[in-house]
Amino acid sequence: PVLEFSSKASSSQAWLWHRRLSHLNFDTINLLSKNDIVVGLSKLKFVKEHLCSSCELGKAKRKSFHSKLTPSSKRRLHLLHMDLCGPIRTLHAYFAAEGIQHQTSVARTPEQNGVVKRQNRTLVEAARTMLSSANLPLFFWAEAIATAFFT
């Protein structure tokens with residue numbers, strides 16, 4: 608049998624659980640409630656009645672990055688993507704000798720790395736949101752990440 612919510616949570620209950628669960632979105636809070644996953648979380652319908660300013664600040668996204676749609680080389684090993692730093696003269700000489708094109712990406716642009724871990728982004732957003740909400744300094748970053756991870 609499908610269990611429906613018995614009633615709507617009060618606004619204060621909804622926002623309390625939103626903060627307790629590391630500023631989790633309300634759809635997920637309702638899923639946790641419905642499936643009785645969190646101890647102490649009542650089987651109520653949690654409704655977002657207004658925007659959370661801390662979530663807006665902590666979960667803001669950069670403008671989307673459009674990568675090149677077609678690769679510039681179709682031949683194997685003629686275009687390499689690496690995450691290296693420092694002098695690599697030997698590698699540059701090898702590239703030149705083999706006709707391999709070496710391209711660098713813009714620093715601190717994870718969109719260019721190709722494989723971005725969604726979980727890391729979620730943890731960082733939750734930690735940033737919690738620190739903003741509580742007006743805590745970055746000194747508490749490690750604790751905020753740990754809280755987000757174990758929540």
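Read in the working numbering, the sequence shown has 621 at position 14, and its numbers run on one by one without any break.
Idealized CB from N, CA, C, for every residue including glycine.
For clarity, every value in this text was computed on a predicted model and none was experimentally measured.
*For leucine 651 and serine 640, believed in contact at Cβ under 8 Å, the rounded distance*: Approximately 6 Å separates the beta-carbon atoms of serine 640 and leucine 651; this is inside 8 Å, confirming the contact.
*Beta-ladder partner(s) of serine 614, from DSSP*: Serine 614 is bridged by DSSP to Leu651.
*Please report the Cβ distance between valine 646 and alanine 621, rounded to the nearest whole angstrom; I am assuming they are in contact, meaning their Cβ atoms lie under 8 Å.*
That belief does not hold up - the Cβ atoms of valine 646 and alanine 621 are roughly 18 Å apart, past 8 Å.
*Between threonine 758 and glutamate 732, what straight-line distance do the alpha-carbon atoms span, to the nearest angstrom?*
Cα to Cα, threonine 758 sits roughly 13 Å from glutamate 732.
*Can you tell me whether DSSP reads histidine 630 as helix, strand or coil?*
Coil at histidine 630, not helix or strand.
*Could you tell me if isoleucine 644 is buried or exposed, where buried requires 16 or more neighbouring beta carbons within 10 angstroms of its beta carbon?*
Exposed is the call here.
_Backbone CA spacing between lysine 668 and threonine 729 [nearest angstrom]_ = Each residue's alpha carbon lies about 12 Å from the other.
_Taking its Cβ as the centre, do 16 or more other Cβ atoms sit within 10 Å of histidine 630, making it buried, or is it exposed?_
Residue environment analysis places histidine 630 among the buried positions, since at least 16 neighbouring C-beta atoms fall within 10 angstroms of its C-beta.
*asked:* On the DSSP letters alone, give me the boundaries of the alpha helix (DSSP H) that valine 659 sits inside.
replied: Inspection of the sequence shows that residue 659 is occupied by cysteine rather than by valine. No alpha helix (DSSP H) holds cysteine 659; DSSP gives it neither H nor E.
_DSSP three-state assignment for glutamine 620, whether helix, strand or coil_ = Reduced to three states, the DSSP call for glutamine 620 is helix.
*Using DSSP with H/G/I as helix, E/B as strand and the rest coil, what is glutamine 726?*
DSSP places glutamine 726 in helix when its eight states are reduced to three.
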